[in-house]
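Structure record follows, encoded as structure tokens.
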Amino acid sequence: MKKLFLVLAAAAIASGAYAEGYQVNNLSSKQNGMGHVGTAMKLNSESIWFNPAAASFQSTQFDFSVGVTGIDSKATYTTLPDYTGKTQSRHFTSDNKIATPLYAYFNYKPLDWMSVGLAFNTPFGSSMNWGDNWAGAQLVQSINLKAYNLQPTVSFKICEHLSVGAGLMMTWGKFDLSRSMLPVGAANAQNVALNNIIQIVAPGTPNIFELAGDRNIMSLDLEGKAKMAVGVNLGIMWDINEQWSLGMTYRSKLKMKVNSGSIDMSTIDDPTIQAVLGQLLPKFDINPSAIVKTELPLPASLTWGVSFRPVPKWEFAVDLQYVLWSAYDQLDVQILNPSTNLPVLTIPASDKNYSNTLAFRFGGEYHALDWLTARMGMYVDESPVSSDYLNPETPSMTKLAYTAGVTFRPCKWMHVDLAYGYVNSADPERTGSYPYVNSVLALANEQIKNVAPEYPTTSAITDFSGNYTARAHTFSIGVGFSF
-7 MKKLFLVLAA AAIASGAYAE GYQVNNLSSK QNGMGHVGTA MKLNSESIWF NPAAASFQST
53 QFDFSVGVTG IDSKATYTTL PDYTGKTQSR HFTSDNKIAT PLYAYFNYKP LDWMSVGLAF
113 NTPFGSSMNW GDNWAGAQLV QSINLKAYNL QPTVSFKICE HLSVGAGLMM TWGKFDLSRS
173 MLPVGAANAQ NVALNNIIQI VAPGTPNIFE LAGDRNIMSL DLEGKAKMAV GVNLGIMWDI
233 NEQWSLGMTY RSKLKMKVNS GSIDMSTIDD PTIQAVLGQL LPKFDINPSA IVKTELPLPA
293 SLTWGVSFRP VPKWEFAVDL QYVLWSAYDQ LDVQILNPST NLPVLTIPAS DKNYSNTLAF
353 RFGGEYHALD WLTARMGMYV DESPVSSDYL NPETPSMTKL AYTAGVTFRP CKWMHVDLAY
413 GYVNSADPER TGSYPYVNSV LALANEQIKN VAPEYPTTSA ITDFSGNYTA RAHTFSIGVG
473 FSF
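Heads up: the sequence shown is residues -7 to 475, going by the numbering used here.
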């Protein structure tokens, strides 16, 4: 039984090491107010990210832009009625930190036909906190993922109306994850089965699940760091005439390799339960410097854009983005001995089954005065996850968002950008399930075969099902300088 709990300390991370739907679009306070469009627009230094080809159309020699967005998001989970239809549904609401994606862009145009620039931003990230004792604690309690990107970029005009550009994306990141090692709730069928096995191995042991009630018994906290991955951001822009522009960009797939981290375990504050765990769990044998080895794919994407300027004061733009989320088909995790760098446990790959998605973005801006520009926009961002794989790490909804923003120019060479966005799900709620293996019960079933081979085992494979809703408010502020 001790071996069971030692191995489970690593196995508990297998199905939740990363959140899904972790692409961040809030990388320009100006464009946040316009539905995140920009592929076919001339955005000076911000074009380094939206379309590097457009950076050579910069109207000044130097341009600098920096800003931050606050994302206040909430998700709710509602349990489904049991087979009798008598059990009332239970509701849980996440308590997420305010996420703060940020950006900084600098572009220098030494010649009329070329520019060089540098971008720093956070293109991927996720934050979710459900608490320690909620119904899905065995999948995730809290998770935070951040990816940082540094992109040197060059842009050339091939002729007066056509340009190309390329940037080298150097991306690294980190994550931390907390999840329960056992389902929460004494009446859970898998906890009942686990208690029966414990009674066979250690007769007379108190039922720790009944003592805990609806409290979490053990949590595993994991932190990991990813090495730098390198990719490219390519773009082309055709500035057809004063009214029309077309653009296209490609961002390559990146694989962020995680090969360092730390592991920590915490237990419930109950002396009786702790005494039982002390018999079963060699807690101090868990090496906190164990190496977690896995890969997180950051998907490739293709974006097509068109902008239309019917009169000098108005500009409208549409972007269509195709994200190749199918690169995230499964997650394979290894735990390595820090001394020998040899695997002590290989966790079978967990299926993610992501699908490629489309995002449609539309926005418009009006240059009302020399010192004031107003913007509005909207976008629809398709979920990459089918209902059969919907999970609470970051509940994936098809997002429907509405945005608005303004730019103030206190002087000719400076602008201040403000934007607000409301993000909701396209459906009022989404019902789904997530198949997962209870690692503790699976290993307990293996152990009991040696002690009581006649004992009927309970399947360790189950679904976590329920209804989800999600919403977010975004607030952006940025400042830029041109000279």
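Here a beta-carbon is modelled for each residue, glycine too, at the ideal position from N, C-alpha and C.
Query: Supposed contact pair Ser20 and Glu38 - C-beta distance, whole angstroms, cut 8 Å; Result: 5 Å
Query: Host beta strand (DSSP E) of Trp296 (start-end); Result: 293 to 300
Query: Cβ shell of Thr450 (< 6 Å), same chain only, five flanking positions each side left out; Result: Ala185
Query: Where the beta strand (DSSP E) through Ser39 begins and ends; Result: Note, Ser39: premise wrong, no beta strand (DSSP E); alpha helix (DSSP H) at 39 to 42.
Query: Residues bridged to Leu246 [DSSP beta-bridge criterion]; Result: Leu290
Query: Cβ-Cβ distance between Val108 and Tyr95 below 7 Å; Result: no
Query: Distance, Gly128 Cα to Gln266 Cα; Result: 22 Å
Query: Simplified DSSP state of Lys22, which is helix, strand or coil; Result: helix
Query: N-terminal and C-terminal residue of the beta strand (DSSP E) that Gln191 is part of; Result: Note, Gln191: premise wrong, no beta strand (DSSP E); alpha helix (DSSP H) at 181 to 193.
Query: Of the listed residues Leu137, Ser244, Met240, Ala204, nearest to Leu160 (C-alpha basis); Result: Ser244
Query: For Ser431, the first and last residue of its enclosing alpha helix (DSSP H); Result: 431 to 443
Query: Continuous beta strand (DSSP E) stretch holding Ile469: start and end; Result: 453 to 474
Query: Whole-number beta carbon distance between Thr70 and Asn459, since they are thought to touch under 8 Å; Result: 4 Å
Query: DSSP beta-bridge partners of Asp482; Result: The shown model of the chain, from -7 to 475, leaves out residue 482, and the question about it has no answer.
Query: Cβ-based neighbour list, Val193, same chain, cut-off 8 Å, excluding 5 preceding and 5 following; Result: Met(-7), Gln439, Ile440, Val443
Query: Segment limits, alpha helix (DSSP H) that includes Phe49; Result: Segment: none, Phe49 is in no alpha helix (DSSP H) and carries neither H nor E.
Query: Bridge-paired residues (DSSP) for Ala396; Result: Met368, Tyr412
Query: C-beta contact flag for Val432 and Leu212 at 7 Å; Result: no
Query: Presumed contact (8 Å Cβ cut-off) between Val29 and Arg353, rounded CB distance; Result: 5 Å
Query: For Trp363 and Ser318, the rounded distance between their alpha carbons; Result: 45 Å
Query: Three-way DSSP call (helix, strand, coil) for Thr121 in this model; Result: One detail in the question is off: residue 121 reads as Asn in this sequence, not Thr. Three-state result, Asn121: strand.
Query: Pairwise C-alpha distance: Phe98 and Phe54; Result: 8 Å
Query: Outcome for Gln23 when other beta-carbon atoms lying within 10 angstroms are tallied against a minimum of 16; Result: buried
Query: Whole-angstrom distance between Thr197 and Val60, CA atom to CA atom; Result: 54 Å
Query: Where Thr92 falls: helix, strand or coil (DSSP); Result: coil
Query: In DSSP terms, what Gly477 is bridged to; Result: Only positions -7 to 475 of the chain appear in this structure, which leaves residue 477 out of reach.
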